[in-house]
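In our numbering, the protein residues as written are 3 to 73. Remarks on the structure that follows.
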């Protein structure tokens, strides 16, 4: 009962608890992976927009690093 009270008192919409059986490690890992995939997809992440100036700076930095590596 204390276990159930702890979960209901501390689980929130932005920080939920997930009760995952660990009797079978393969199932536990699959369940955790499914939760992680769903949560990451719900973030609706996008790559940042890179300006032409930033692209030029990155190209120059890459050129310098390649020169350092090749000697």
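C-beta: ideal position from N, C-alpha, C; glycine also. As the structure is a prediction and not an experimental result, all values here were calculated from the model.
How close, in whole Å, do the beta carbons of residue 33 and residue 22 come, if the pair is a contact with beta carbons under 8 Å?
-> 5 Å
Other residues of its chain near residue 4: CB distance less than 6 Å, five sequence neighbours each side excluded | none
On the premise that residue 49 lies in contact with residue 37, defined as a C-beta separation below 8 Å, what is that separation, rounded to the nearest angstrom?
-> Not a contact, Cβ separation roughly 24 Å.
CB-CB under 8 Å to residue 14, same chain, minus the five flanking residues each way: which ones, in chain order?
-> Counting only residues of its own chain and dropping the five nearest sequence neighbours on each side, residue 14 has no CB closer than 8 Å to any other CB.
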